[in-house]
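> Okay, handing you the structure first.
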Amino acid sequence: MAMYSRLPGSVALITLQNPPVNALSAAVRQGIVDTVQRALKDPKVTSVVICGQNGKFCGGADIREFAGPMLGPPLVPMIHAIEAVDKPVAAAIEGVALGGGLELALGCHYRIAHSKALLGLPEVTLGLLPGAGGSQRLPRLIGLTAALDLITTGRHISAAEALKLGILDQVTDNNVVDQAVEFVRRVAGQPLDSRRLSTLPCPCPPDVDSLLDKAMVKVRQRSRGALAPVACVQALMAAASLPYTQGMEKERDLLTTLFNSGQARALQYAFFSQRVVGKWSLPSGASWDNSAARTISKAAVIGLGTMGRGIVVALALTGISVVAVETQEKQLAEASQAVPAMLQREAGRRSLATPPGVISFSSNLQDVSEVELVIEAVFEDMSLKLQVFRHLTSVCRPGTLLCSNTSGLDIDQLAAVTQSPGLVVGMHFFAPAHVMKLLEVVYGPRSSPEAVATAMQLGKRMGKVSVAVGNCPGFVGNRMLKPYLEQANFLLEEGATPQQVDEALEEFGFPMGVFRMSDLSGLDVGWRIRKEAGLTGPGVESTRTRQGRRYSPLPDQVCEAGRLGQKTGRGWYQYDGPGGRVARSDPWVHIFLEAYRAEHGLVARSIAPEEILERCLYALINEGFNILQDAMAAGPEDIDAIYVFGYGWPRHHGGPMFHAGQVGLGRILERLQHHHHNHPDVPHLKPSTLLRRLVAVGSPPVQTWREFINKERVHSQL
Ligand SMILES: CCCCCC/C=C/CC(=O)SCCNC(=O)CCNC(=O)[C@H](O)C(C)(C)COP(=O)(O)OP(=O)(O)OC[C@H]1O[C@@H](n2cnc3c(N)ncnc32)[C@H](O)[C@@H]1OP(=O)(O)O
Numbered sequence: 000m001a002m003y004s005r006l007p008g009s010v011a012l013i014t015l016q017n018p019p020v021n022a023l024s025a026a027v028r029q030g031i032v033d034t035v036q037r038a039l040k041d042p043k044v045t046s047v048v049i050c051g052q053n054g055k056f057c058g059g060a061d062i063r064e065f066a067g068p069m070l071g072p073p074l075v076p077m078i079h080a081i082e083a084v085d086k087p088v089a090a091a092i093e094g095v096a097l098g099g100g101l102e103l104a105l106g107c108h109y110r111i112a113h114s115k116a117l118l119g120l121p122e123v124t125l126g127l128l129p130g131a132g133g134s135q136r137l138p139r140l141i142g143l144t145a146a147l148d149l150i151t152t153g154r155h156i157s158a159a160e161a162l163k164l165g166i167l168d169q170v171t172d173n174n175v176v177d178q179a180v181e182f183v184r185r186v187a188g189q190p191l192d193s194r195r196l197s198t199l200p201c202p203c204p205p206d207v208d209s210l211l212d213k214a215m216v217k218v219r220q221r222s223r224g225a226l227a228p229v230a231c232v233q234a235l236m237a238a239a240s241l242p243y244t245q246g247m248e249k250e251r252d253l254l255t256t257l258f259n260s261g262q263a264r265a266l267q268y269a270f271f272s273q274r275v276v277g278k279w280s281l282p283s284g285a286s287w288d289n290s291a292a293r294t295i296s297k298a299a300v301i302g303l304g305t306m307g308r309g310i311v312v313a314l315a316l317t318g319i320s321v322v323a324v325e326t327q328e329k330q331l332a333e334a335s336q337a338v339p340a341m342l343q344r345e346a347g348r349r350s351l352a353t354p355p356g357v358i359s360f361s362s363n364l365q366d367v368s369e370v371e372l373v374i375e376a377v378f379e380d381m382s383l384k385l386q387v388f389r390h391l392t393s394v395c396r397p398g399t400l401l402c403s404n405t406s407g408l409d410i411d412q413l414a415a416v417t418q419s420p421g422l423v424v425g426m427h428f429f430a431p432a433h434v435m436k437l438l439e440v441v442y443g444p445r446s447s448p449e450a451v452a453t454a455m456q457l458g459k460r461m462g463k464v465s466v467a468v469g470n471c472p473g474f475v476g477n478r479m480l481k482p483y484l485e486q487a488n489f490l491l492e493e494g495a496t497p498q499q500v501d502e503a504l505e506e507f508g509f510p511m512g513v514f515r516m517s518d519l520s521g522l523d524v525g526w527r528i529r530k531e532a533g534l535t536g537p538g539v540e541s542t543r544t545r546q547g548r549r550y551s552p553l554p555d556q557v558c559e560a561g562r563l564g565q566k567t568g569r570g571w572y573q574y575d576g577p578g579g580r581v582a583r584s585d586p587w588v589h590i591f592l593e594a595y596r597a598e599h600g601l602v603a604r605s606i607a608p609e610e611i612l613e614r615c616l617y618a619l620i621n622e623g624f625n626i627l628q629d630a631m632a633a634g635p636e637d638i639d640a641i642y643v644f645g646y647g648w649p650r651h652h653g654g655p656m657f658h659a660g661q662v663g664l665g666r667i668l669e670r671l672q673h674h675h676h677n678h679p680d681v682p683h684l685k686p687s688t689l690l691r692r693l694v695a696v697g698s699p700p701v702q703t704w705r706e707f708i709n710k711e712r713v714h715s716q717l
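Each residue of the sequence shown is one higher than the last, beginning at 0 in numbering that gives the first Met the number 0.
Listed below in structure tokens is the structure:
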């Protein structure tokens, strides 16, 4: 797990060996301890280089080991022992040096990296802090201000940035091990005291207290309720004010608290969920490892509204040539101005010198005839989409993949009007499409494995977390959103205000509560969908029961008053004019709610934040169980990834299904039963069969549900 070799010229080379990322498992740590000892004892060795095999230095501690008892030599003394060696030790960094990997490198006396290497301390994203001395050594090396940035964000930095910050001693485009060997030969015999970071003072700016206070405020605002960012700032406070040994004690105490927290478990689950969903499988048996994806080099986007423009940019950024089609001249003219500017901005944000893809604009649908894949992004209207698909199937060459960016319409219906229904899939992007990480890839009953594989791979190329989902109204994300929104409206009827509902959800960790979010997206979106579903509109009676179930006409009435959200400057809140961003409580809404309750004979009651959370979140979670039961998502990880990456579910709560497991399935079932008893006309509160089955078998951990569901399905229990 760590190979020792003696190179000519008295250099010992230690190579970490633990594919795929040389994580510091117990065996690797033992290997390092043994090989460092060997190098120390060998009088012929004058210097040491540590590197990783297969072009990767080290991806950090082995996250899989966190679930069990920690065996093998601990990291902290291992790194101290390296720092104390009296022969120069250099880290030769290729690929990645992340987390414990960078902490190991910080324990070495010198760090040499390849120009393409990435470095960082991403522990905060796993609910931890750099607990192998990183929180104390890094600020001593690069100063408190820069260390605060790197440790509280967990961002990966390039070798060039690391060199500028002073983390690296040298960056090379050549073989990094050769360079490191040459380097240590050169410095052999020089004093090492100043290279032992633990012995250095921590460079701090004069206004250190104010810097740390501001950092604390910032992390609390950025990730409300998250423990790890706060602990990172506390560890850096210790680095700034205490001797190294005491700083290390503080680091250890903070790490122990975090390590045992539910948040660390949730964030580590989220890390693995993201990877699990990439290994997609469909009920048909088609999966990522038995379905070939096509490589797309030329694509078209139809419809250049907000979504279409974002999709064009996302495709172009991957180097794909895009034909961007809009039949309305005014919209086309606007888009051909806006899209290149968006592309430049996004390329800049991603540090790309020039956007790699080429975009051509057209008002003629015939111009898509030569592309390999089309993404339709026209208005969310089935008859319009059908018209576009009929047209596409006649103009595109045979074999072209036809995708729809619908947010919930029937993919199969679209496929049915084409000549090759197997080549039709949904690609549901989230606004802004070039920024948001989530992509739902929707397979219909006739979608071919090749079409699904191609869309999944294209999503990955665009840097998205692509999740394969089944074809049902709203797919996964929006299907679960429906009961959540419904409960929020019912809570207003019963006495809550939009602020109270939003505050409870924001306190839980959502960046925006449901009403602020609806104002941002535009209230007319849902209004149109409800009209199409015959739930509201001319001729529909204004009652609180529609289509046999409880219905709240509140959002329809807000729209009827011309309040469509931020775009009209009024919605559930008021804003400083159309397009305003800052939501303020609006007396109109309170008067309106009172009048509404009076009209329907409702008596407002005081509603506690706990009830708001239970009603909104448990209704959403319950629908998640229904989705699993209907096989519209392959496993809970798929649902959780969708909610974390597309709907602002706080990552430190893992995702709705993980959260259900943490709350306790028995408790979720009991509260749903309670609320359903109080609201028997709300079917979404009726506990799902799958939830009942899981509770009946003792509420197994979320990681085992996928297998349980598959077995239950075989035995027709679901
Ligand atoms: C008292 C307890 C003491 C604990 C001490 C606490 C200190 C902790 C310090 C740490 O080091 S925490 C870990 C910090 N490291 C990271 O966060 C890095 C995580 N990994 C990544 O960001 C990426 O994987 C990567 C290294 C940038 C590589 O990305 P790439 O896209 O190339 O591949 P992936 O698909 O992401 O990964 C491939 C494969 O490897 C698995 N994996 C990656 N990193 C780790 C790891 N650190 N431990 C275990 N496994 C890891 C990943 O799950 C994939 O596996 P799969 O089976 O193929 O899905």
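Glycine included, every Cβ here is placed at the ideal spot set by N, Cα and C.
1) Measure how close the beta-carbons of L686 and N621 come, nearest whole angstrom, since I'm counting them as under 8 Å.
2) Do you know how far the Cα of L128 is from the Cα of D61?
3) Identify which residue in G533, G130, E505 and A96 has its Cα closest to the Cα of E609.
4) Going by C-alpha to C-alpha distance, which of A285, F428, R264 and D33 sits closest to H651?
5) Work out the CA separation of V175 and K59 for me, nearest whole Å.
6) Who are the Cβ neighbours of W279 in its own chain at under 7 Å, not counting the five residues just before and after it?
7) What residue from V311, N677, V321 and S290 has the CA that sits closest to A298's CA?
8) Return yes when the Cβ of Q135 is within less than 8 Å of the Cβ of S197, no when it is not.
9) Skipping 5 residues on each side, what residues in its chain have a beta carbon closer than 8 Å to that of V539?
10) Hey, quick one: how far does the beta strand (DSSP E) through F360 stretch, first residue to last?
11) Does the distance from the CB of R670 to the CB of E613 come in under 8 Å?
12) Quick one: what's got a C-beta closer than 6 Å to L12's C-beta in the same chain, skipping five residues either side?
13) Using alpha carbons as the reference points, say which of L143, A112, R139 and H155 lies closest to T124.
14) Would you report the Cα separation of F56 and G246, rounded to the nearest angstrom?
15) Which value, in whole angstroms, describes the spacing of the CA atoms of G663 and V88?
16) Taking the alpha carbon of A640 as the point to measure from, which residue in P655, P200, G142 and G304 has its own alpha carbon closest?
17) Can you find the residues in the same chain that come closer than 6 Å, C-beta to C-beta, to F658, ignoring five residues on each side of it along the sequence?
18) Taking 8 Å as the limit between beta carbons, can you name the residues of its chain near E493, skipping five residues before and five after?
19) Might you give, ordered along the chain, the residues of its own chain that have their beta carbon closer than 7 Å to the beta carbon of G153, omitting 5 neighbours on each side?
20) Tell me whether G106, by its Cβ, gets closer than 7 Å to a heavy atom of ligand 1.
21) With a threshold of 7 Å, establish whether the CB of V123 neighbours any heavy atom of ligand 1.
22) When you compare the CB positions of Y572 and D555, do they come within less than 8 Å of one another, or not?
23) Mind checking whether G718 and M516 have CB atoms under 8 Å apart?
24) With the cut-off set at 8 Å, would you say S551 and F489 are in Cβ contact?
25) Could you check which residue in R348, T14, L491 and K530 has the C-alpha nearest to that of V513?
26) Pull up the distance between the alpha-carbon of L281 and that of H599, whole angstroms please.
27) Please report the straight-line C-alpha distance between F378 and L303, rounded to a whole angstrom.
28) My guess is that V170 and A179 are in contact by the Cβ rule of under 8 Å, so how many angstroms apart are they, rounded?
29) Taking V338 and V311 to be in contact with their CB atoms under 8 Å, please state how far apart those CB atoms are, rounded to whole angstroms.
30) Determine the contact status of A146 and L235, defining contact as a CB-CB distance below 8 Å.
31) Just the Cα atoms here: how many angstroms apart are D501 and V441?
32) What is the rounded straight-line gap between the Cα of L563 and the Cα of T535?
33) Determine whether the beta carbon atoms of A133 and G94 lie at a separation below 8 Å.
34) Does any heavy atom of ligand 1 sit closer than 7 Å to the C-beta of F644?
35) Distance, Cα to Cα, K249 vs L74?
36) Say whether chain C places a C-beta atom closer than 8 Å to the C-beta of L592.
Taking the definition as stated:
1) Counting from 1 along the sequence shown, the entry for residue 686 is found at position 687. Counting from 1 along the sequence shown, the entry for residue 621 is found at position 622. Note that residue 686 is Pro in the sequence shown, not Leu. Sure, about 6 Å apart at Cβ, within 8 Å.
2) Within the sequence shown, the letter at position 62 stands for residue 61. Within the sequence shown, the letter at position 129 stands for residue 128. Roughly 15 Å between the two C-alpha positions.
3) Taking the sequence shown and counting its residues from 1, one reaches residue 609 at position 610. For the residues G533, G130, E505 and A96, the minimum Cα distance to E609 belongs to E505.
4) To locate residue 651, count along the sequence shown from 1; it is residue 652. Ranking the options by Cα distance to H651, first place goes to R264.
5) Position 60 of the sequence shown, counted from the start, is the residue given in the question as residue 59. Position 176 of the sequence shown, counted from the start, is the residue given in the question as residue 175. The residue you asked about is not Lys; residue 59 is Gly in the sequence shown. Distance between the alpha carbons of G59 and V175: 19 Å.
6) Residue numbering aside, residue 279 sits at position 280 when the sequence shown is read from its first letter. S286, W287, M455, A467 and A633, listed in sequence order.
7) Translated into the one-based positions of the sequence shown, residue 298 becomes position 299. Nearest of V311, N677, V321 and S290 to A298, Cα basis: V321.
8) As a working mapping, residue 197 is identified with position 198 in the sequence shown. As a working mapping, residue 135 is identified with position 136 in the sequence shown. Yes, the Cβ-Cβ distance between S197 and Q135 is below 8 Å.
9) For this step, residue 539 is matched to residue 540 along the sequence shown. Here the set comprises G533 and R545.
10) Counting from one through the sequence shown, the residue named residue 360 turns up at place 361. Residues I358 to S361.
11) Residue numbering aside, residue 670 sits at position 671 when the sequence shown is read from its first letter. Residue numbering aside, residue 613 sits at position 614 when the sequence shown is read from its first letter. Closer than 8 Å, so yes.
12) By 1-based counting over the sequence shown, the position of residue 12 is 13. The answer, listed in chain order, is S4, L6 and V48.
13) The count along the sequence shown starts at 1 and reaches residue 124 at position 125. Of the candidates L143, A112, R139 and H155, the one whose C-alpha sits nearest the C-alpha of T124 is H155.
14) Sequence index remark: in the sequence shown, residue 56 carries index 57 (1-based). Sequence index remark: in the sequence shown, residue 246 carries index 247 (1-based). Between F56 and G246, the C-alpha separation is close to 27 Å.
15) Locating residue 663 in the sequence shown gives position 664, where the first residue counts as 1. Locating residue 88 in the sequence shown gives position 89, where the first residue counts as 1. Rounded to the nearest angstrom, the two C-alpha atoms are 49 Å apart.
16) Counting from 1 along the sequence shown, the entry for residue 640 is found at position 641. When only C-alpha atoms are compared, the closest one is P655.
17) Translated into the one-based positions of the sequence shown, residue 658 becomes position 659. The sequence given here has His at residue 658, not Phe. Closer than 6 Å at the Cβ level, and outside the excluded window around H658, lie H652.
18) On the sequence shown, position 494 is the one that residue 493 refers to. Around E493: L601, A603, R604 and I606.
19) Here residue 153 corresponds to residue number 154 of the sequence shown, with the count starting at 1. Contacts found: G119, L120, P121, E122, V123 and T124.
20) In the sequence shown, residue 106 corresponds to position 107, counting from 1. No - ligand 1 has no heavy atom lying nearer than 7 Å to the Cβ of G106.
21) As a first step, residue 123 is located in the sequence shown; it is residue number 124 there, counting from the start. Result no, Cβ not under 7 Å from ligand 1.
22) In the sequence shown, counting from the first residue as 1, residue 572 sits at position 573. In the sequence shown, counting from the first residue as 1, residue 555 sits at position 556. It is not a contact, given that the beta carbons lie outside the stated cut-off.
23) Absent from the structure is residue 718, since the part of the chain shown begins at 0 and ends at 717.
24) Taking the first residue of the sequence shown as 1, we reach residue 551 at position 552. Taking the first residue of the sequence shown as 1, we reach residue 489 at position 490. Taking 8 Å as the Cβ cut-off, S551 and F489 qualify as a contacting pair.
25) Within the sequence shown, numbered from 1, the residue matching residue 513 stands at position 514. Closest option to V513, Cα to Cα, is L491.
26) Working through the sequence shown from its first residue, we reach residue 281 at position 282. Working through the sequence shown from its first residue, we reach residue 599 at position 600. For L281 and H599, the distance between alpha carbons rounds to 47 Å.
27) Reading the sequence shown from its first residue, position 379 is the one you call residue 378. Reading the sequence shown from its first residue, position 304 is the one you call residue 303. Approximately 10 Å, taken between the alpha carbons.
28) As a first step, residue 170 is located in the sequence shown; it is residue number 171 there, counting from the start. As a first step, residue 179 is located in the sequence shown; it is residue number 180 there, counting from the start. That pair is no contact at about 12 Å.
29) In the sequence shown, counting from the first residue as 1, residue 338 sits at position 339. In the sequence shown, counting from the first residue as 1, residue 311 sits at position 312. The pair is a contact, with the Cβ atoms about 5 Å apart (cut-off 8 Å).
30) The residue given as residue 146 occupies position 147 in the sequence shown. The residue given as residue 235 occupies position 236 in the sequence shown. Contact: yes.
31) Taking the first residue of the sequence shown as position 1, residue 501 is located at position 502. Taking the first residue of the sequence shown as position 1, residue 441 is located at position 442. Near 31 Å, if we compare the C-alpha coordinates of V441 and D501.
32) Residue mapping note: residue 563 aligns to position 564 of the sequence shown, counting from 1. Residue mapping note: residue 535 aligns to position 536 of the sequence shown, counting from 1. One C-alpha to the other measures close to 16 Å.
33) As a position in the sequence shown, residue 133 is number 134, starting the count at 1. As a position in the sequence shown, residue 94 is number 95, starting the count at 1. One detail in the question is off: residue 133 reads as Gly in this sequence, not Ala. Contact flag unset, no.
34) Mapped onto the sequence shown, residue 644 falls at position 645. Not so, every heavy atom of ligand 1 lies at least 7 Å from the Cβ.
35) The residue given as residue 249 occupies position 250 in the sequence shown. The residue given as residue 74 occupies position 75 in the sequence shown. Those two C-alpha atoms are separated by around 16 Å.
36) Going by chain labels, chain C is absent from the structure shown, which holds only one protein chain.
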